[in-house]
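Peer 1:
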Amino acid sequence: MILFQYEMKKLLFNKSRIILLAVIFIICMLMGLLSAEGSLALRKSADYSEYIRLVSENTGGFNPEQFAKSKAISEATEVEYRKGNEDGFYMYLHRNPVQKFHNDYTKFGKRVHEYWNGPEYQDEANILGIYPIQEKLKELSGKTGTNEYRYYKKRLDTELSLGEPVFRNTLFWDNFSLAFDPSRVGFLLLMFLAFIISPVFTQEVQTDMDSIILCSVKGRREIVTAKLLSVCMTSAILTAVFFSGMFIGNYIFNGDINGFDAPARCFAGFTWTTLDMTVGGVAMLGVLWLIPVTMAFGLAMGLISAKSKNQTATFGLGVAMILTLSLFGFLRDDLKKMLGPLADFNYVAISIYGSVFGGVKVYNVFGKAVSYGAVALAVCFALGAVAALIIYMAQKRRMVV
Amino acid sequence: MKLTIKNISKKYGKIQALDSVSFEMENGVYGLLGPNGAGKSTLIRILAGVTEASSGEVIINGKNRKACDPEYRSKLGYLPQTLNFYPCFSGLDYLRFVAALKGLKGESVERKIESLAEQVSLTQDLHRKCISYSGGMKRRLGIAQALLNDPEILILDEPTAGLDPHERIKFRNLISVFSRDRTVLLSTHIVSDVDSIAKQTVMIKDGRVGKMERNEHFVDAMEGRVWLLKMTVDELVVYQNNHLISNVIPAGNRMEVRVVTDKRPAPDAVAAMPTLEDAYLYEFNFDWRTV
C-alpha cells in the first residue's frame, strides 16, 4: 500500500502532473463546449420556444401524420440549403429550430421504418428489422435446433421487448455522445494516457534508482504490483477527468440534461443497440466501459516502458501504436477480414464505444453467438493480464548493465 | 557473516569486465581499489544482485546467494556509483519509499530515518525536494538509504565522491562504528578513505584481483621502495617521464620529489615512510599479469 501511494505520487499526484491534469480537464471542457455549439445557437434563436413546443407535443410514439408533414418540409429544406456542406447545414438547422425539429422527426420516422423493415442495405450475415427477422425465422422453421435459429429467435424477442423507437428531446446527449467519438477517445484520451504512463518504469532507469529497487526485498514483485495498480488508477482517473470535462463543457452550452430517461436507442450511434437501459445509463456505461479499456492500454504502455529505457521512445511507440491501430478502422472490409481479431479487438477498436455496444455485431465463440461487447470485455481483460504477466517476468529477470 | 566470491567472471559482448575474481570477506571494512574501468562497479553490482555474473558464484555462509534470496536482499545495503532522485520527492519521501522497498514497517522506520538523517546531517533539509540538494547532500542521502535496514552486508560504490573533507571524516566515522559486526565493501578512488577505515584492501585491475592484503601489509611491503630526492623543475620534467612519482613539494628553489621505485633512484635519495597511496601507485604501475 505504501509503495502504491509513492508510485501514485511519482506518476500522477505531484505538482507538475496535477497541473497537466487541470490542463487536460480544460481542453476536454473546451471540446465539450464546441460539441454543444449548435445547442447554444438553438437556444439563442427566436423560434426556440416553438421548437420546445413541437418537441413536447410529439414526444413519444410514432405519428404518421406528423412524419409526412415533417418529411415534406425537411426535404424541401434540404434541397434549398444542403449543398454538400454538412457542417453548414447542421448550423443552419440549429439557427432555425423549427426546421431542425422537422429534420429530427424525419430521421426518427426513418428509424421507425427500419425498426420494422430493416435498413436499406441488409447484411445477409446479420439481418436487421422485425419483418426480415420473422421472414428469416420462417426460412429456418425446419432447423429450430440450430444456433442460427436460436440466435434470430432471441434477436426477435429482444427487438419486440425493446419496442418501436420513440421521439425524445435528447439534444444534450446527442452532443455528449461526441465525447465517445474515436478521434476524441483515440487522439485525446489515449494519447494523454500514453504520455502520463510512459515514465512508469523508464524513470527508474533515468534516475539510476533501478539498482536500489532491484537489490531490495520488494524490488522484483511488490514494486511491479504497486506500479501496475498505479497505472490502472491513473487510467481510471484520466478517463474520469476526460468525460467530466466533456460533460461540464456540454452542460454549460445546453443548460439541461433532458432525455436522461429516454430509451438507449435514442443515444446517437446506438440505433440498433440491444442494451435495455436509458440514454443516461448508456452514457454512464460508456464511461465505465472506457475505464477497463484505458487500463488495458495503460498496462500495454507500462509494458513498453518496462522494456524501454527512454521515456520519449516509450511515448513515441505509444503514439505509433495508436495511429497504426486507428488506421485499421479505415481499411476495406476484405483487408479487415484478413487481419482477423486484430482489426476488431485492438486497443483503439475496443475503445470505440458505439461500435462495440451500439449495434448487434456478434462473434461465433465455440459455436455460440456472443455479443461484441462481451468478447471485447474478455479480450480487454486478457490483454491487460498478458501485459501484467510479461511485466512481472521482465522485472524478475531485469538486470542493470 | 562470511562472503565468498568464487571465480566470478563477467563478459559484456567481447569485453571481459571480470576474469575469475575470487576472494573472501568476513566482518569489517574492505576497500576495493582500482583504476577506472578495472571492473570494480561490475563486481559490486554482481554482489548487490543487480547484475548477473557470466560464471562463478557468490557464497554467503556456505550457501549460494541465489539460494539465500530474499533473505540476502534483506541483509543488504547498497549505494550505487550514480544516484539521482525523483523530482517530486522530498528527502523524507525518498527515505520512506526506500524503507517500504526494503519491507520496513511501523514507527521504528520513522525513528530510524530521524536517526540516520541526523548522522548524515540532513535533518534540516529532509522536507526539501531532493532535486534541490547539492551533490554532497545527495550522496549523504544515498548513504542514509543504504543504512536504513541495518544491513549485515553494506556495499558502497564511490560513497565519498562529492563530499567535502568534513563530510568525508563524518562518513568514515559512521562506517567505522557501523562495521563492528558487519561486512562493508567500499569501492573508491580515494585511497585515504580506505587507508583510514578498511582492514583489508582488494586491488583490482583489468578485471582481475591483483592482491588482497591487510593495509599494513601493503605498506610494509613498500619498505625501501619510497624515496625522497631534490631536483630542479627542469630536471623533474625529464625525470617524471620514466619514474613513478607519488608527490612533488616545492622546497626553496628546488622540488622535493617522492619517488616509488624498487632501487635507490640516486645516491642522495633518502628513504621515506611508505603509505597505502604509494602501495596503490606501485601495484597499479606494476603489471602482475606479466609475472
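Those protein sequences? They're chains X and U, same order as listed.
Using numbering that gives the first Met the number 0, you'd call the opening residue of the first sequence number 0 and step up by one each time.
Using numbering that gives the first Met the number 0, you'd call the opening residue of the second sequence number 0 and step up by one each time.
Built from N, CA and C at the ideal position, the CB exists for glycine as well.
Quantities reported herein were computed from a predicted structural model and do not represent experimental measurements.
Helix, strand or coil for phenylalanine 329 of chain X, going by three-state DSSP, please let me know.
Peer 2: Residue state, collapsed to three classes: coil.
Peer 1: Using a Cβ-Cβ distance cut-off of 7 Å, determine whether isoleucine 1 of chain X contacts chain U.
Peer 2: Cβ-Cβ to chain U under 7 Å: yes for isoleucine 1 of chain X.
Peer 1: Out of X/Asn62, X/Gly244, X/Ser15, X/Tyr352, which has the shortest C-alpha to C-alpha gap to leucine 284 of chain X?
Peer 2: Residue X/Tyr352 is the option with its Cα nearest to leucine 284 of chain X.
Peer 1: Can you give me the Cβ contacts of phenylalanine 327 of chain X inside the same chain, cut-off strictly under 6 Å, excluding the 5 residues immediately before and after it?
Peer 2: Closer than 6 Å at Cβ, skipping near neighbours: Ala342.
Peer 1: If distances are taken between C-alpha atoms only, which option among X/Asn116, X/Gln202, X/Leu316 comes closest to proline 131 of chain X?
Peer 2: Comparing Cα positions, the closest option is X/Asn116.
Peer 1: From threonine 231 of chain U to asparagine 284 of chain U, what does the alpha carbon distance come to, in whole angstroms?
Peer 2: Each residue's Cα considered, the two are about 25 Å apart.
Peer 1: Would you kindly work out how many angstroms separate the C-alpha atoms of asparagine 6 of chain U and arginine 207 of chain U, rounded to a whole number?
Peer 2: One C-alpha to the other measures close to 10 Å.
Peer 1: From U/Asp205, U/Leu280, U/Ala66, pick the residue whose C-alpha is nearest to that of leucine 17 of chain U; which is it?
Peer 2: Closest by alpha carbon: U/Asp205.
Peer 1: Thinking serine 186 of chain U and aspartate 156 of chain U are a contact (beta carbons under 8 Å), I'd like their distance in whole angstroms, please.
Peer 2: 5 Å between Cβ atoms; contact.
Peer 1: Label methionine 221 of chain U either buried or exposed according to how many other C-beta atoms from any shown protein chain fall within 10 Å of its C-beta, with 16 as the threshold for buried.
Peer 2: Classification for methionine 221 of chain U: buried.
Peer 1: Could you please give the first and the last residue of the uninterrupted alpha helix (DSSP H) stretch that includes serine 350 of chain X?
Peer 2: Note, serine 350 of chain X: alpha helix (DSSP H), 346–350.
Peer 1: For histidine 126 of chain U, is the classification buried or exposed, using 16 other Cβ atoms within 10 angstroms of its Cβ as the cut-off for buried?
Peer 2: Its Cβ having fewer than 16 others within 10 Å, histidine 126 of chain U is exposed.
Peer 1: Beta carbons nearer than 8 Å to chain X: which residues of the segment 43–54 of chain U have them?
Peer 2: Residues Arg44, Ala47, Gly48, Val49, Thr50, Glu51.
Peer 1: Buried or exposed: tyrosine 120 of chain X, going by 16 or more other Cβ atoms within 10 Å of its Cβ?
Peer 2: Counting Cβ neighbours within 10 Å, tyrosine 120 of chain X comes out exposed, since fewer than 16 surround it.
Peer 1: Measure the alpha-carbon distance for isoleucine 212 of chain X versus lysine 210 of chain U and round it to whole angstroms.
Peer 2: The straight-line gap from Cα to Cα measures roughly 32 Å.
Peer 1: Hey, which unbroken runs of the alpha helix (DSSP H) at 4 residues or more fall wholly within the segment 265–333 of chain X?
Peer 2: Complete alpha helix (DSSP H) runs here, min 4: 278–306, 310–327.
Peer 1: Let me check one thing: in DSSP terms, what residues is tryptophan 226 of chain U bridge-paired to?
Peer 2: DSSP lists U/Val258, U/Ala270 as partners of tryptophan 226 of chain U.
Peer 1: Counting only beta-carbon atoms, is tryptophan 287 of chain U nearer than 7 Å to chain X?
Peer 2: Note on tryptophan 287 of chain U: pLDDT 39, under 50, position unreliable in the model; the coordinate value appears next. So no, tryptophan 287 of chain U is outside the interface.
Peer 1: Over the uninterrupted alpha helix (DSSP H) stretch that includes valine 97 of chain X, give me the two end residues.
Peer 2: Start and end: 96–116.
Peer 1: Could one say the Cβ of cysteine 87 of chain U lies closer than 7 Å to chain X's Cβ atoms, at least one of them?
Peer 2: It does; some Cβ of chain X falls within 7 Å.
Peer 1: Helix, strand or coil for valine 20 of chain U? Go by DSSP, reduced to three states.
Peer 2: In the structure shown, valine 20 of chain U sits in a strand (DSSP, three-state: E or B).
Peer 1: Between which residues of its own chain and glutamate 276 of chain U is the CB-CB distance below 8 Å, once the five residues before and five after are set aside?
Peer 2: These residues qualify, in order along the chain: Val190, Ser191, Asp194, Ser245.
Peer 1: Pop quiz: lysine 367 of chain X and asparagine 102 of chain X are said to be a contact at Cβ under 8 Å. What is the actual Cβ separation, rounded to whole angstroms?
Peer 2: Not confirmed; about 41 Å, so no contact.
Peer 1: Using beta carbons (cut-off 7 Å, strictly below), is lysine 395 of chain X in contact with chain U?
Peer 2: Not closer than 7 Å to any Cβ of chain U, the Cβ of lysine 395 of chain X fails to qualify, so no.
Peer 1: Enumerated in chain order, which unbroken segments of the beta strand (DSSP E) with a length of 3 residues or greater are wholly contained in the segment 117–158 of chain U?
Peer 2: Those beta strand (DSSP E) runs which fall completely within the segment 117–158 of chain U and span 3+ residues are 152–156.
Peer 1: Can you look up methionine 221 of chain U in the DSSP assignment and give me helix, strand or coil?
Peer 2: Coil, per DSSP.
Peer 1: For tyrosine 77 of chain U, report the span of its beta strand (DSSP E) as first-last.
Peer 2: Unbroken beta strand (DSSP E) run through tyrosine 77 of chain U: 75–78.
Peer 1: Under 7 Å between C-beta atoms, does asparagine 13 of chain X make it to chain U?
Peer 2: Closer than 7 Å to some Cβ of chain U, the Cβ of asparagine 13 of chain X qualifies, so yes.
Peer 1: Mapping the DSSP letters down to three states, classify glycine 12 of chain U as helix, strand or coil.
Peer 2: Reduced to three states, the DSSP call for glycine 12 of chain U is coil.
Peer 1: Beta-carbon within less than 8 Å of serine 160 of chain X's beta-carbon, same chain only, minus the 5 sequence neighbours each way: which residues are those?
Peer 2: Excluding residues within five positions, the ones whose Cβ falls inside 8 Å are Asp275.
Peer 1: Counting C-beta neighbours from all protein chains within 10 Å, is the total for arginine 213 of chain U 16 or more, i.e. buried, or is it exposed?
Peer 2: Looking at its Cβ environment, which holds fewer than 16 other Cβ atoms inside 10 Å, arginine 213 of chain U is exposed.
Peer 1: Drop a sphere of 10 angstroms on the beta-carbon of isoleucine 397 of chain X, count the other beta-carbons inside from all chains shown, and report buried for 16 or more, exposed for fewer.
Peer 2: Position check: residue 397 of chain X holds arginine in this sequence, whereas isoleucine was assumed. By the 10 Å Cβ count, arginine 397 of chain X comes out buried.
Peer 1: Let me confirm a value: aspartate 92 of chain U is counted as buried when at least 16 other C-beta atoms fall within 10 Å, else exposed. Which label applies?
Peer 2: Its Cβ being crowded by 16 or more others within 10 Å, aspartate 92 of chain U is buried.
Peer 1: Looking only at its chain, what residues have a beta carbon closer than 8 Å to the beta carbon of glutamine 310 of chain X, apart from the 5 residues adjacent to it on each side?
Peer 2: Closer than 8 Å at Cβ, skipping near neighbours: Ser197, Pro198, Thr201, Gln202, Gln205, Ser304.
Peer 1: Grouping DSSP H, G and I as helix and E and B as strand, with all else coil, what is aspartate 286 of chain U?
Peer 2: With a pLDDT of 47 at aspartate 286 of chain U, under the threshold of 50, the modelled position of that residue is not reliable, and no figure is offered here.
Peer 1: Just the chain X side, please: which residues come within less than 7 Å of leucine 82 of chain U by C-beta, in chain order?
Peer 2: Within 7 Å Cβ-Cβ: Asp207.
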